[in-house]
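For reference, the structure discussed in these notes is given below.
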Amino acid sequence: MVDTQINDFEDLLSHHENIIYHIINKYGIRDPEKEFYQDGVIALWQAAASYDESKGKFSSYAYFKIEKEILSMIRIRIRQIEKQEAYKKQLENRGNIGKTHLELGFDPYLFQMIEQVLTKNQMKWFSLYVLQDLTIKEIAQQEDVTLDAVKNWARLAKRKIKKVLEQ
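Heads up: the sequence shown at position 109 corresponds to 109 in UniProt numbering, and the numbers run straight through without jumps.
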């Protein structure tokens, strides 16, 4: 029984394999490891298992299922890339902060105290404006925010830093 199912699926695949390749080409996907192709084959298998003859042609249903699966895989890849880029950017920012306060002879204990009282955005202003000597306009462009937002970070951060220095 299993052999007949496999043979049936091999026949089905040979007839509908062009749909998988069409969808991969339609979205301009480079697939050297054949991961998208493999997901397309799995989607074809699932389409064959869940197909209801009364609801239309199999080829239309298979196309829909394969396209849906490949688009889902694209979305997953995009999310993974975005997360990796955000992580890399975070590491770069942390690395830059560490380098600059050591290179400038900035007291690491004082830096740690300041880091504890400032919010994430205020710390961005502090590290970019004070330690890396960027202008407010450059910070706003780099962080993709308005000038007023950066000025607000600065205003609030200055108050907190002043309290730390008075201790």
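Heads up, the beta-carbon is just placed ideally off N, CA and C, and yes, glycines get one too.
Can you tell me the Cα-Cα spacing of Met73 and Arg155, whole angstroms?
45 angstroms
Between which two residues does the alpha helix (DSSP H) containing Asp39 stretch?
35-50
Please say whether Lys65 and Leu43 have beta carbons closer to each other than 8 angstroms?
Just to set this straight, residue 43 is Ala in the shown sequence, not Leu. Yes; because the gap between Cβ atoms is below 8 angstroms, this pair is in contact.
For Lys163, count the other beta carbons within 10 Å of its own beta carbon; 16 or more makes it buried, fewer makes it exposed. Which is it?
exposed
Quick check: the Cα distance between Gln122 and Glu85, rounded to an integer number of angstroms?
Looking at the backbone, the Cα of Gln122 and that of Glu85 are separated by about 22 angstroms.
Rounded to the nearest angstrom, what separates Trp45 and Phe111 at their Cα positions?
Using only the alpha carbons, I get a separation of about 58 angstroms.
For Ala157 versus Val150, is the C-beta distance shorter than 8 angstroms?
Going by C-beta atoms, Ala157 is not nearer than 8 angstroms to Val150.
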